[in-house]
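Student: Position one of the sequence shown corresponds to residue 828 (this note's numbering), numbered consecutively onward.
Quick reminder that beta carbons are idealized off the backbone N, C-alpha and C, glycines included.
Small disclaimer: the values here were computed from a predicted structure and weren't measured.
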Amino acid sequence: MGKPYDILIIDDEEVVVNATIKIMSLEGFTVDSALDAKTGLEKLATQQYRLLLTDLMLPDMSGYEVITYMKAKGIQIPIILITGYATLDNAVKAMKMGIFDFIPKPFEIEELLGVTLRAWRVQADDIPADPPCPSRRYLGKHAWVDIDSDGRAHIGAAALFRKTVGTINHIHFPARGQEVKQGGQCLKFQTDDTYQHTLWSPLSGIVIETNHTIQQHPTRLKDENPWLVQLLPSNMDAEIKHLTL
828 MGKPYDILII DDEEVVVNAT IKIMSLEGFT VDSALDAKTG LEKLATQQYR LLLTDLMLPD
888 MSGYEVITYM KAKGIQIPII LITGYATLDN AVKAMKMGIF DFIPKPFEIE ELLGVTLRAW
948 RVQADDIPAD PPCPSRRYLG KHAWVDIDSD GRAHIGAAAL FRKTVGTINH IHFPARGQEV
1008 KQGGQCLKFQ TDDTYQHTLW SPLSGIVIET NHTIQQHPTR LKDENPWLVQ LLPSNMDAEI
1068 KHLTL
């Protein structure tokens, strides 16, 4: 085995790689990089890493194949997928494959650091999953949705998100009547460390209500698991196949 690194980034855009290395190094992380999947997989086979950042659309291989390779080799480290806005559908599918989270390009420094620190905290803490709830479907281990008998969708944050996000001081909620897309932003959390954390929507639809209690007291989300947003789903039959029990 070679020198252990904290993070490996695989991306064919050198500007993204260089910016990520600079940002993470300033936070004290050691970062290795590869500009193509082949080199990245060779490094995964010979080096030790605690976290992987990989682009979905690489020139020689897809991010799916990178994920599949890691599963086959038993490499169990959090994976953060870097994706363009045009490939959010693919990122949602990757969540079903077990990635930790994804971050769309272009991203802000606070967003990159936020998702990286959440992934880092997963390894530091033993975080129990949410208690089983037969009516809920999950977008990876990120967010959940519960469908009422009248067709309304209640959306909340899964345990892995709530327990790793840090101390929340503000939540940006969508407006009533606003349309959200599956895999698009549903809520944005601001934490005391100034980082930003996006909760992706498990389903597409129109916002019909938000949780005013949590909006006024965001720190309660640390120990509670309430619904945060109510939606009227617009494409549930097609999208629910990307969710898990």
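What residue range does the alpha helix (DSSP H) around His1039 cover?
Tutor: One-based indexing of the sequence shown puts residue 1039 at position 212. Per DSSP, His1039 belongs to the alpha helix (DSSP H) from 1039 to 1043.
Student: Can you give the beta carbon distance from Leu1048 to Ile982, rounded, assuming they're within the 8 Å contact cut?
Tutor: Within the sequence shown, residue 1048 is the residue found at index 221, counting from 1. Within the sequence shown, residue 982 is the residue found at index 155, counting from 1. Wrong, their Cβ atoms sit about 13 Å apart, outside the cutoff.
Student: Grouping DSSP H, G and I as helix and E and B as strand, with all else coil, what is Met828?
Tutor: Mapped onto the sequence shown, residue 828 falls at position 1. Confidence is the limiting factor: at Met828 the pLDDT is only 49, short of 50, which leaves the residue's position unreliable, though a coordinate-based value still follows. Looking at Met828 - three-state DSSP - the assignment turns out to be coil, as it is neither helix nor strand.
Student: If you count every other CB in all the chains shown that lies within 10 Å of the CB of Leu939, and 16 or more means buried, which is it?
Tutor: Along the sequence shown, read from residue 1 onward, the residue named residue 939 stands at position 112. So Leu939 ends up on the buried side.
Student: Just to confirm before moving on: does the CB-CB distance between Val972 and Leu883 stay below 8 Å?
Tutor: Taking the first residue of the sequence shown as 1, we reach residue 972 at position 145. Taking the first residue of the sequence shown as 1, we reach residue 883 at position 56. For Val972 and Leu883, no; Cβs fall outside 8 Å.
Student: Once the 5 residues before and after Ile1035 are set aside, which same chain residues still bring their CB inside 6 Å of it?
Tutor: Against the sequence shown, residue 1035 aligns to sequence position 208. Contacts found: Gln1057, Leu1059.
Student: Considering only residues of the same chain and omitting the five flanking positions on each side of Gly967, which have a CB-CB separation below 6 Å?
Tutor: For the purposes of this step, residue 967 is identified with residue 140 of the sequence shown, where counting begins at 1. Only Met922 meet the Cβ criterion.
Student: Under a three-way DSSP split, which group does Met884 fall into?
Tutor: Taking the sequence shown and counting its residues from 1, the one referred to as residue 884 is at position 57. The answer is strand: DSSP assigns Met884 an E or B state.
Student: Between the C-alpha atoms of Gln1005 and Asn1038, what's the straight-line distance to the nearest angstrom?
Tutor: Locating residue 1005 in the sequence shown gives position 178, where the first residue counts as 1. Locating residue 1038 in the sequence shown gives position 211, where the first residue counts as 1. The alpha-carbon atoms of Gln1005 and Asn1038 are separated by roughly 15 Å.
Student: Going straight from the alpha carbon of Arg877 to that of Ala846, what length do you get?
Tutor: The count along the sequence shown starts at 1 and reaches residue 877 at position 50. The count along the sequence shown starts at 1 and reaches residue 846 at position 19. So the two alpha carbons sit approximately 19 Å from each other.
Student: Output needed for Ser852: all residues of its chain with C-beta closer than 7 Å, excluding positions within five of it in sequence on either side, in chain order.
Tutor: Residue 852 sits at position 25 when you count from the first residue of the sequence shown. Taken in chain order, the residues that qualify are Val858.
Student: Rounding to the nearest angstrom, what Cα-Cα distance links Ile1041 and Leu1014 in this structure?
Tutor: Indexing the sequence shown from 1 puts residue 1041 at position 214. Indexing the sequence shown from 1 puts residue 1014 at position 187. Answer to the nearest angstrom: the Cα atoms are 12 Å apart.
Student: According to DSSP, is Glu1006 helix, strand or coil?
Tutor: If you number the sequence shown from 1, residue 1006 lands on position 179. If DSSP states are grouped into helix, strand and coil, Glu1006 belongs with the strands.
Student: Any idea what DSSP makes of Tyr965, helix, strand or coil?
Tutor: Residue mapping note: residue 965 aligns to position 138 of the sequence shown, counting from 1. In the structure shown, Tyr965 falls within a strand segment according to DSSP collapsed to helix, strand and coil.
Student: Using only CA atoms, which one of Lys990, Gly855, His1044 lies nearest to Val949?
Tutor: Along the sequence shown, one-based indexing puts residue 949 at 122. Checked all of Lys990, Gly855, His1044; the closest Cα to Val949 is Lys990.
Student: Looking only at DSSP bridge pairs, what is Val858 linked to?
Tutor: Residue numbering aside, residue 858 sits at position 31 when the sequence shown is read from its first letter. Answer is Ile834.
Student: On the DSSP letters alone, give me the boundaries of the alpha helix (DSSP H) that Val992 sits inside.
Tutor: Reading the sequence shown from its first residue, position 165 is the one you call residue 992. Taken as a continuous stretch (DSSP letters only), Val992 belongs to no alpha helix (DSSP H), as it is neither H nor E.
Student: In terms of alpha-carbon separation, which member of Gln903, Glu937, Lys900 lies closest to Ile850?
Tutor: In the sequence shown, the residue the question calls residue 850 occupies position 23. Here the closest residue by C-alpha is Glu937.
Student: Kindly indicate which three-state DSSP category Ser1031 falls into: helix, strand or coil?
Tutor: Start at 1 with the first residue of the sequence shown, and residue 1031 comes out as number 204. Correct three-state label for Ser1031: coil.
Student: So who's on the other strand from Pro1060, going by DSSP bridges?
Tutor: Start at 1 with the first residue of the sequence shown, and residue 1060 comes out as number 233. Paired residues: Gly1032.
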